[in-house]
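Top line first, the protein sequences correspond to chains W and R.
The numbers in the numbering used here rise by one with no breaks, and the one at position 90 of the first sequence is 90.
The numbers in the numbering used here rise by one with no breaks, and the one at position 206 of the second sequence is 206.
Even glycine gets a Cβ: it sits at the ideal position worked out from N, Cα and C.
2 protein chains.
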Amino acid sequence: MSKQKPSLPKGMRDFGPVEMARRNFIFTTIRDTFRLFGYEQLETPAMENLSTLTGKYGEEGDQLLFKVLNSGEFLKKVTDTAFKSGEGSVLPLLAEKGLRYDLTVPFARYVVMHQNEISFPFKRFQMQPVWRADRPQKGRYREFYQCDADVVGTDSLICEAEIIGMIKRVFAAFGLTDYRIHLNNRKILSGIAEVAGAAGKETELCVAIDKLDKIGQERVVDELRQQGFSPAALAALTPVLAHSERGNEEWLDFLREYLGNSALGTRGLDEIGEVLDFLSDLGEDTSFLKLDPVLARGLSYYTGAIFEVKVAGVGIGSVSGGGRYDNLTGVFGLPGISGVGFSFGVDRLYDVLDALGLFPEVQNEGTRVMLAHFGAEERKQAVRYLAAFRKAGITAEVYPDLAKIKKQFTYADKKNIPYVAILGTEELASDTLSLKNMGTGQQETLSLEKAISRLEG
Amino acid sequence: MSKQKPSLPKGMRDFGPVEMARRNFIFTTIRDTFRLFGYEQLETPAMENLSTLTGKYGEEGDQLLFKVLNSGEFLKKVTDTAFKSGEGSVLPLLAEKGLRYDLTVPFARYVVMHQNEISFPFKRFQMQPVWRADRPQKGRYREFYQCDADVVGTDSLICEAEIIGMIKRVFAAFGLTDYRIHLNNRKILSGIAEVAGAAGKETELCVAIDKLDKIGQERVVDELRQQGFSPAALAALTPVLAHSERGNEEWLDFLREYLGNSALGTRGLDEIGEVLDFLSDLGEDTSFLKLDPVLARGLSYYTGAIFEVKVAGVGIGSVSGGGRYDNLTGVFGLPGISGVGFSFGVDRLYDVLDALGLFPEVQNEGTRVMLAHFGAEERKQAVRYLAAFRKAGITAEVYPDLAKIKKQFTYADKKNIPYVAILGTEELASDTLSLKNMGTGQQETLSLEKAISRLEG
């Protein structure tokens, strides 16, 4: 065992006590909300068979999967010929397992494997880390948590309304008020393509439209032209692309007419209308909702509603998103499982709450009172008092060593402990303690019982 | 994407809603206890550099590490020569990272990397999965959780007493009453070797002694004889090996005399005495404590107290254990970091609580009331009521689809939902709901407000 300066692999992070308290505040808020809405927790293992993972995330995704070397004699199956023909031939012989890349594919696998036990509609949530061999950069890590909730086995649009309700509840608990939930429906995008006479070029249209925010209307039109959209099609698309000025009502009015000849587009509009009705039944105000007919994420996957949530004024991308799909498990041989789901991005939410100063003081999970002492007898008394504090549910610790009082206070200070209970000769003689508020500097001598009720209050 | 019947890698597990509720009950109890005692949470990444992990767990441990294939062109560095010389030469060229094998080595790495920010004594807890390429068998998995608490940077025996206090609190919360905390001290084991004139053969003595429970006194003596222990040494050891009859007081009396000439052994006894004193100051009864001078786990590591916890009547090995060490971080170039720590085995605790029927009913994290409906108008009303239930903090859901009432009840039944609120024509007309207790079958018609207060109660 040689001595070495240890380090972390790139893109990996430790979370110390302060970060953990903040992250736990985020996790607890999200978990409580999922539960309040009747979602049940699921956990799947970190490792899946590569056969489960590959081919599910596109070619780029396959590259970003972390593969786990077979244990034992991992070279046994690797022939000379395979070695000479390179990675593609060697990989299946070396590695049979990979690390979870997202929570959706493991969920789909779970549904297929447990289809006979699950009572549909199945409302599940999952909060676990995922791993991607992405190039690390600011805000992008190789290990990060996803928090997903999905309901499968129902087409009811109540689910869409409830997802919006969950996002609102979580953000309210965070104290986040300035955000927009962008809402679209894949059928509206399809309808737009239909109306513009570009029904076969829906993907190209959506890829270009998705960049509207970043590159602007003019360059989107350029791109569409290069993709072979006719002048007539581009003209037909103009009123859609010049979208930024419209409010929700305006959009609805405009689209009712624009999509009048598209049965699919009209169905998309009807679905949005139904979601809005359920939101009203739920008593949710909809001022935070932004109808966004050019929102085009997850196109290879989503077939109905599409969501995305953006927080104003922080320059951080979307912090939550999702949509409705109609074929979760077809790739595993179980067709017809439709559902709707969404995800919170914990790392981005952390950055948002940090930037806006929204981590509450109450997030402190740490010690509420530390017992300091001037000697062995006082420490003995401190240990006796300690048990009483904890019995009352007050997070408490005693400075374990016989040390100078200054050192004990430095420890309490560094650990952000709000109260120190001091035991000296006088306190020992009078069966009291001196309780110091570390924030105000105020100190008072109290009986144990008084101190406990002070700290409970 | 070919259709395939998905499966899990061997030794890996999914946890569905019922198991998750039970596991969360265990995690929450342990986490709350760690926090009450002033321990702060830490999380480290799943992947560590292999240089951090290898050489820390012995040769067998190195074999059991899961290695992660380098991303991208992983064969690039593998020369023909390396390939021909086999796994040992190829491994460092293929894989630079491995999966966390335990929580101790990542903790040591963290302490070294953050030594300038940490205020010692550092009380940290960590609850995360670890991975080992062990042969899977009943009760042994390739992914499992560890729950560790350690305090480093202090020699105070208050920490040992507090560990015992934490174990007691966790077990009390579980409703576990019939268990023993076995307590020993490495210095007592050393003292025994010294007294028997086998000071150089301490390891052999301890390895043999550790089997006393399994193979009995006679075969332990045989093994010691084979290891070259003289008849005199064996005779000197006899009163120790015939240990099963002694209570704590008897052991203490016996060892005071037996170890009288061993300074180290006597120090071990003094330490145990001091731990007992602190336990008494903490008000802990010590009837569950079993002084066990032949408890010999973690010998290459522990230098002071050694703990192990066994539950009676379940035939499951130790569910918790730990000890004091004096060199956590030496291998990373930071000497002199001493501490004491212990760990709960979540999977074994799960099996114990399951075997003893101790998972409480209150563990149910799921929906408390489901709203069922006889048609679209009734469902609309149900959605309105839903919001009110949730606002009162009652976990609630509505059956999302328009479906036969029987189907809705089957869903509630399968999901173990204790109450169903039924909305039909009559309820709609009278602004009420019929609340059915699914356990007793009782049903009553109530206003929304009454139903809420019924479910809150």
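Phe74 (chain W) versus Val207 (chain W) - alpha carbon distance: In the first sequence, counting from the first residue as 1, residue 74 (chain W) sits at position 74. In the first sequence, counting from the first residue as 1, residue 207 (chain W) sits at position 207. Phe74 (chain W) and Val207 (chain W): Cα-Cα distance of roughly 42 angstroms.
Cβ separation of Phe37 (chain W) and Arg180 (chain W), assumed to be a contact under 8 angstroms, to the nearest whole Å: Taking the first sequence and counting its residues from 1, one reaches residue 37 (chain W) at position 37. Taking the first sequence and counting its residues from 1, one reaches residue 180 (chain W) at position 180. Between Phe37 (chain W) and Arg180 (chain W) a beta carbon distance of about 21 angstroms is seen, past the 8 angstroms cut, so the two are scored as non-contacting.
Nearest to Leu199 (chain R) (by Cα), restricted to the options R:Leu176, R:Ile163, R:Leu237: Taking the second sequence and counting its residues from 1, the one referred to as residue 199 (chain R) is at position 199. Here residue 199 (chain R) turns out to be Ala, not Leu, going by the sequence shown. For Ala199 (chain R), the nearest C-alpha among the options comes from R:Leu237.
CB contact below 8 angstroms: Thr238 (chain R) versus chain W: Here the question's residue 238 (chain R) lines up with position 238 in the second sequence. Among the residues facing chain W, Thr238 (chain R) is not included, as its CB has no counterpart in that chain under 8 angstroms away.
Chain W contact residues for Val420 (chain R), given Cβ-Cβ distances below 9 angstroms: Locating residue 420 (chain R) in the second sequence gives position 420, where the first residue counts as 1. Chain W residues near Val420 (chain R): none, gap ~13 angstroms exceeds 9 angstroms.
CA-to-CA distance, Val398 (chain W) to Val383 (chain W), given in whole angstroms: Your numbering for residue 383 (chain W) matches position 383 in the first sequence. Your numbering for residue 398 (chain W) matches position 398 in the first sequence. The straight-line gap from Cα to Cα measures roughly 7 angstroms.
Sufficient close CB pairs (3 or more, under 8 angstroms) joining the stretch 271 to 287 of chain W to the stretch 153 to 166 of chain W: Contact holds: three or more Cβ-Cβ distances are below 8 angstroms.
Spatially closest choice to Ala232 (chain R) from R:Lys10, R:Val195, R:Ile118, by CA coordinates: The residue labelled residue 232 (chain R) in the question sits at position 232 within the second sequence. Of R:Lys10, R:Val195, R:Ile118, the smallest CA-CA separation from Ala232 (chain R) is found for R:Val195.
Residue environment, Gly165 (chain W), which counts as buried when at least 16 other CB atoms sit within 10 Å: As a first step, residue 165 (chain W) is located in the first sequence; it is residue number 165 there, counting from the start. Buried.
Status (buried if at least 16 other CB within 10 Å, exposed otherwise) for Ile215 (chain R): The sequence position of residue 215 (chain R) within the second sequence is 215, counting from 1. Flag for Ile215 (chain R) reads exposed.
Contacts that Cys159 (chain W) makes with chain R (C-beta to C-beta distance below 9 angstroms): Here residue 159 (chain W) refers to the residue found at position 159 when the first sequence is read from its first residue. Ordered by position in chain R, the residues that pass the 9 angstroms Cβ test against Cys159 (chain W) are Pro400.
Minimum Cβ-Cβ distance from Gly341 (chain R) to chain W less than 8 angstroms: As a first step, residue 341 (chain R) must be located in the second sequence, where it is residue number 341. Not closer than 8 angstroms to any Cβ of chain W, the Cβ of Gly341 (chain R) fails to qualify, so no.
Reference Gln126 (chain R), options R:Arg35, R:Leu295, R:Val420, closest by Cα: Taking the second sequence and counting its residues from 1, one reaches residue 126 (chain R) at position 126. Ranking R:Arg35, R:Leu295, R:Val420 by Cα distance to Gln126 (chain R) puts R:Arg35 first.
Selected residue, minimal CA-CA separation from Glu427 (chain W), among W:Asp413, W:Arg390, W:Thr410, W:His373: Translated into positions along the first sequence, residue 427 (chain W) becomes position 427. The shortest C-alpha to C-alpha distance from Glu427 (chain W) to any of W:Asp413, W:Arg390, W:Thr410, W:His373 is the one to W:His373.
Endpoints, the beta strand (DSSP E) within which Glu249 (chain W) is located: Start at 1 with the first residue of the first sequence, and residue 249 (chain W) comes out as number 249. From DSSP, Glu249 (chain W) is part of no beta strand (DSSP E) but of the alpha helix (DSSP H) over 248 to 258.
As assigned by DSSP and simplified to three states, the class of Val311 (chain W): As a working note, residue 311 (chain W) is residue 311 in the first sequence. In this structure, Val311 (chain W) counts as strand in the three-state DSSP scheme.
Rounded straight-line distance, which links the Cα of Gln408 (chain R) to that of Ser434 (chain R): The count along the second sequence starts at 1 and reaches residue 434 (chain R) at position 434. The count along the second sequence starts at 1 and reaches residue 408 (chain R) at position 408. The straight-line gap from Cα to Cα measures roughly 15 angstroms.
Proximal chain W residues relative to Thr154 (chain R), where beta-carbon distance stays under 8 angstroms: Reading the second sequence from its first residue, position 154 is the one you call residue 154 (chain R). By Cβ distance, chain W contributes Pro400, Asp401.
Short-range partners of chain R found in the stretch 26 to 53 of chain W, where Cβ spacing is below 8 angstroms: Arg35, Leu36, Phe37, Gly38, Glu40, Gln41, Leu42, Glu43, Thr44, Pro45, Ala46, Met47, Glu48, Asn49, Ser51, Thr52
Ile188 (chain W) - containing alpha helix (DSSP H), residue span: Along the first sequence, read from residue 1 onward, the residue named residue 188 (chain W) stands at position 188. Here the alpha helix (DSSP H) through Ile188 (chain W) covers 186 to 195.
Ile422 (chain R) - containing beta strand (DSSP E), residue span: Indexing the second sequence from 1 puts residue 422 (chain R) at position 422. 419 to 423 is the span of the beta strand (DSSP E), which, as asked, contains Ile422 (chain R).
Nearest candidate by alpha-carbon position, reference Ile209 (chain W), set W:Ala421, W:Pro293, W:Glu143: Here the question's residue 209 (chain W) lines up with position 209 in the first sequence. With distances taken between CA atoms, Ile209 (chain W) lies nearest to W:Pro293 out of W:Ala421, W:Pro293, W:Glu143.
Where Leu455 (chain W) falls: helix, strand or coil (DSSP): Against the first sequence, residue 455 (chain W) aligns to sequence position 455. Looking at Leu455 (chain W) - three-state DSSP - the assignment turns out to be helix.
Burial state of His182 (chain W) (16 or more Cβ within 10 Å): Reading the first sequence from its first residue, position 182 is the one you call residue 182 (chain W). Looking at its Cβ environment, which holds 16 or more other Cβ atoms inside 10 Å, His182 (chain W) is buried.
Val319 (chain R) beta carbon less than 8 angstroms from that of Val331 (chain R): Position 331 of the second sequence, counting from 1, holds the residue named residue 331 (chain R). Position 319 of the second sequence, counting from 1, holds the residue named residue 319 (chain R). Their beta carbons are not under 8 angstroms apart, which means Val331 (chain R) does not touch Val319 (chain R) by this criterion.
Whole-angstrom distance between Arg124 (chain R) and Phe15 (chain W), CA atom to CA atom: Mapped onto the first sequence, residue 15 (chain W) falls at position 15. Mapped onto the second sequence, residue 124 (chain R) falls at position 124. Distance between the alpha carbons of Phe15 (chain W) and Arg124 (chain R): 12 angstroms.
Contact check, Lys67 (chain W) vs Leu91 (chain W), beta carbons under 8 angstroms: Mapped onto the first sequence, residue 67 (chain W) falls at position 67. Mapped onto the first sequence, residue 91 (chain W) falls at position 91. Contact flag set, yes.
Continuous alpha helix (DSSP H) stretch holding Asp222 (chain W): start and end: Here residue 222 (chain W) refers to the residue found at position 222 of the first sequence. Counting along the chain, the alpha helix (DSSP H) containing Asp222 (chain W) begins and ends at 212 to 226.
Nonlocal neighbours in the same chain, by C-beta distance under 7 angstroms from Met1 (chain R), ignoring five residues either side: Numbered from 1 along the second sequence, position 1 holds the residue referred to as residue 1 (chain R). Reliability of the predicted coordinates at Met1 (chain R) is poor, the pLDDT of 44 falling under 50, and the value obtained from them is presented with this limitation in mind. None.
Rounded straight-line distance, which links the Cα of Phe122 (chain W) to that of Asp401 (chain R): Within the second sequence, numbered from 1, the residue matching residue 401 (chain R) stands at position 401. Within the first sequence, numbered from 1, the residue matching residue 122 (chain W) stands at position 122. Cα to Cα, the separation comes out at about 12 angstroms.
Contact under 8 angstroms by Cβ, Arg267 (chain R) with Lys187 (chain R): On the second sequence, position 267 is the one that residue 267 (chain R) refers to. On the second sequence, position 187 is the one that residue 187 (chain R) refers to. Against a cut-off of 8 angstroms, the Cβ pair of Lys187 (chain R) and Arg267 (chain R) comes out as a contact.
Chain-order list of residues whose beta-carbon lies under 6 angstroms from that of Glu143 (chain W) (same chain, five-residue window excluded): Sequence index remark: in the first sequence, residue 143 (chain W) carries index 143 (1-based). If we look at Glu143 (chain W) and ignore the five residues flanking it on each side, its Cβ neighbours are Met12, Pro129, Trp131.
Beta-carbon gap between Leu212 (chain R) and Val221 (chain R) smaller than 8 angstroms: As a working note, residue 212 (chain R) is residue 212 in the second sequence. As a working note, residue 221 (chain R) is residue 221 in the second sequence. No, the Cβ-Cβ distance between Leu212 (chain R) and Val221 (chain R) is not below 8 angstroms.
Best match in W:Ser119, W:Tyr141, W:Gln226, W:Gly175 for proximity to Gly153 (chain W) [C-alpha to C-alpha]: In the first sequence, counting from the first residue as 1, residue 153 (chain W) sits at position 153. The candidate whose alpha carbon is nearest that of Gly153 (chain W) is W:Ser119.
Inter-stretch contact (C-beta, 8 angstroms, three-pair minimum) for the stretch 406 to 424 of chain W and the stretch 376 to 393 of chain W: yes
Cβ-Cβ distance between Glu250 (chain W) and Gly304 (chain W) below 8 angstroms: Your numbering for residue 250 (chain W) matches position 250 in the first sequence. Your numbering for residue 304 (chain W) matches position 304 in the first sequence. Taking 8 angstroms as the Cβ cut-off, Glu250 (chain W) and Gly304 (chain W) do not qualify as a contacting pair.
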